[in-house]
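Q: Got a structure for you, questions after.
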Amino acid sequence: MMDTFLSFLNTFFILFLELTALFILISFLVSWLQQKVTEDRVRRILNRPNNWIGYLYGVGLGSLTPFCSCSTIPILAGLLSSKAPFGPSMSFLIASPLLNPVIIIMMLTLLGWELTLYYAIVITIFSILIGVVWSALGLEQSVKEVRVRKKGSSNEDQNISKWKLALQDTWTFFYPLFPYLLIGVFIGAFVYDVVPQEFIVQYAGGDNPWTIPIASVIGIPMYIRAETILPIAGALVSQGMDLGAVIALLIGGAGASIPEVILLSKLFKRKLVVAFVVSILIVAIGTGFIVQIIL
Numbered sequence: 037m038m039d040t041f042l043s044f045l046n047t048f049f050i051l052f053l054e055l056t057a058l059f060i061l062i063s064f065l066v067s068w069l070q071q072k073v074t075e076d077r078v079r080r081i082l083n084r085p086n087n088w089i090g091y092l093y094g095v096g097l098g099s100l101t102p103f104c105s106c107s108t109i110p111i112l113a114g115l116l117s118s119k120a121p122f123g124p125s126m127s128f129l130i131a132s133p134l135l136n137p138v139i140i141i142m143m144l145t146l147l148g149w150e151l152t153l154y155y156a157i158v159i160t161i162f163s164i165l166i167g168v169v170w171s172a173l174g175l176e177q178s179v180k181e182v183r184v185r186k187k188g189s190s191n192e193d194q195n196i197s198k199w200k201l202a203l204q205d206t207w208t209f210f211y212p213l214f215p216y217l218l219i220g221v222f223i224g225a226f227v228y229d230v231v232p233q234e235f236i237v238q239y240a241g242g243d244n245p246w247t248i249p250i251a252s253v254i255g256i257p258m259y260i261r262a263e264t265i266l267p268i269a270g271a272l273v274s275q276g277m278d279l280g281a282v283i284a285l286l287i288g289g290a291g292a293s294i295p296e297v298i299l300l301s302k303l304f305k306r307k308l309v310v311a312f313v314v315s316i317l318i319v320a321i322g323t324g325f326i327v328q329i330i331l
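Each residue of the sequence shown is one higher than the last, beginning at 37 in the working numbering.
Structure representation (structure tokens):
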């Protein structure tokens with residue numbers, strides 16, 4: 037019993053220190069990039085004569101945006117109000133919470149480069165396809181009238197260097213998310229050192245064909261933050277949970293979390309909100325099975 041407790045503490049502190057250092061570094065880099073990539077610049081980049089280039093840029097810019105839907109949705113509202121093209125904007129919406137730097141770097145750390153590479157490729161393809169399909173189906177008509185008042189930068193902000201602003205943003209990002217990171221690491225260490233491996237393999241292994249679809253749905257109410265769910269996912273994989281089910285869990289939660297759906301209902305009519313949730317579940321299940329087959 038004492039050995040298990042000491043192993044739990046060791047896993048907890050190592051994982052906590054590693055992820056805290058990664059999060060602070062990534063927060064700083066993303067804040068600095070966001071000062072360079074403004075909303076108006078994003079709109080100009082997405083307005084390309086070649087639509088396919090616009091979709092690729094939408095995915096690429098989505099991967100540079102903040103850490104969750106709470107930041108992605110306001111940016112999307114600004115794009116729609118400034119008449120950015122619908123399809124690439126939707127690719128941006130799908131890619132932003134699923135390919136952001138926090139998820140990618142933490143996946144590299146916790147799940148390895150091979151799984152992260154497959155994940156990034158598949159999500160990129162799905163993000164483009166969803167934008168194309170929604171545009172072809174005319175779902176642009178299901179966007180509510182969006183009006184966003186742009187705020188100018190204060191003189192005080194203009195006089196502060198980009199590096200100092202990035203440091204301030206890093207603390208602003210990190211401080212409120214610290215409890216979630218703590219919870220995620222605690223649960224992850226508990227799963228890794230306390231929960232019997234046989235239990236996870238029996239109920240969440242690769243033999244049950246319904247594991248991936250169920251995981252994709254469970255991820256939606258379970259998801260809080262990437263900083264919480266990814267340590268848990270890493271522990272589940274190490275204990276024998278099917279890789280495809282873990283990926284489906286992550287995509288379902290990060291892509292269609294309850295707060296995100298609520299925010300989108302302010303921008304989209306019901307038809308487009310339903311299309312969004314269904315599309316995310318298709319992406320989660322499809323990516324889960326692809327990962328399961330390949331790896």
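C-beta atoms are modelled at their ideal positions from N, C-alpha and C, and glycine is treated no differently.
Every value quoted in this text rests on a predicted model; they were computed, and no experiment measured them.
Is it the case that the Cβ atoms of Ser-125 and Ile-166 are separated by a distance below 8 Å?
A: Translated into the one-based positions of the sequence shown, residue 125 becomes position 89. Translated into the one-based positions of the sequence shown, residue 166 becomes position 130. No, the pair does not count as a contact, with Cβ atoms beyond the cut-off.
Q: For Gly-114 and Ala-120, what's the separation of their Cα atoms in angstroms?
A: Here residue 114 refers to the residue found at position 78 when the sequence shown is read from its first residue. Here residue 120 refers to the residue found at position 84 when the sequence shown is read from its first residue. About 9 Å.
Q: Using alpha carbons as the reference points, say which of Phe-226, Gly-288 and Gly-255 lies closest to Thr-47.
A: Mapped onto the sequence shown, residue 47 falls at position 11. Of the listed residues, the one whose Cα sits closest to Thr-47 is Phe-226.
Q: Would you verify that the beta carbon of Gly-94 is, or is not, closer than 8 Å to some beta carbon of chain D?
A: The structure shown contains no chain D; it holds only a single protein chain.
Q: Comparing C-alpha positions only, which one of Thr-206, Phe-222 and Gly-123 sits nearest to Leu-45?
A: One-based indexing of the sequence shown puts residue 45 at position 9. For the residues Thr-206, Phe-222 and Gly-123, the minimum Cα distance to Leu-45 belongs to Phe-222.
Q: Keeping to the same chain, check which residues put their C-beta closer than 6 Å to that of Lys-186; ignore five residues upstream and five downstream.
A: Locating residue 186 in the sequence shown gives position 150, counting from the first residue. Bear in mind that the predicted position of Lys-186 carries a pLDDT of just 48, short of 50, making it unreliable; the figure below should be weighed with that in mind. Excluding sequence neighbours, Lys-186 sits near nothing in its chain.
Q: Report yes or no: do the segment 146-153 and the segment 263-278 share at least 3 C-beta pairs separated by less than 8 Å?
A: The answer is yes - the segment 263-278 touches the segment 146-153, with three or more Cβ pairs under 8 Å.
Q: Spatial neighbours of Phe-162 within its chain, please: CB distance less than 6 Å, with the 5 preceding and 5 following residues excluded, ordered by chain position.
A: Position 126 of the sequence shown, counted from the start, is the residue given in the question as residue 162. Excluding residues within five positions, the ones whose Cβ falls inside 6 Å are Val-319.
Q: For Trp-170, which residues from the same chain have a beta carbon less than 6 Å from its beta carbon, with the 5 sequence-adjacent residues on both sides left out?
A: As a working mapping, residue 170 is identified with position 134 in the sequence shown. Result list for Trp-170: Met-126, in chain order.
Q: DSSP on Val-138, reduced to helix/strand/coil?
A: Within the sequence shown, residue 138 is the residue found at index 102, counting from 1. Three-state DSSP puts Val-138 in a helix.
Q: Have a look at Leu-135 and Val-230 and give me their C-alpha separation to the nearest angstrom.
A: By 1-based counting over the sequence shown, the position of residue 135 is 99. By 1-based counting over the sequence shown, the position of residue 230 is 194. Taking the straight line joining both Cα atoms gives about 31 Å.
Q: In this structure, how does DSSP classify Val-230 when only helix, strand and coil are distinguished?
A: The residue given as residue 230 occupies position 194 in the sequence shown. Residue state, collapsed to three classes: coil.
Q: Between which two residues does the alpha helix (DSSP H) holding Gln-177 run?
A: Locating residue 177 in the sequence shown gives position 141, counting from the first residue. It is not in any alpha helix (DSSP H) - Gln-177 carries neither H nor E in the DSSP assignment.
Q: Given Asn-83, which residues of its chain have a CB within under 8 Å of its CB, disregarding the five upstream and five downstream residues?
A: Counting from 1 along the sequence shown, the entry for residue 83 is found at position 47. Here the set comprises Gly-90, Ala-120 and Pro-121.
Q: Taking 8 Å as the cut-off, does the segment 270-288 touch the segment 296-315 (at least 3 CB pairs, one atom from each stretch)?
A: Counting Cβ pairs under 8 Å, fewer than three are found: no touch.
Q: Cα separation between Thr-152 and Gly-255?
A: Counting from one through the sequence shown, the residue named residue 152 turns up at place 116. Counting from one through the sequence shown, the residue named residue 255 turns up at place 219. Distance between the alpha carbons of Thr-152 and Gly-255: 18 Å.
Q: Between the Cα of Ile-140 and the Cα atoms of Ile-329, Val-179 and Ile-287, which residue gives the shortest distance?
A: Mapped onto the sequence shown, residue 140 falls at position 104. Of Ile-329, Val-179 and Ile-287, the residue nearest in Cα terms is Ile-287.
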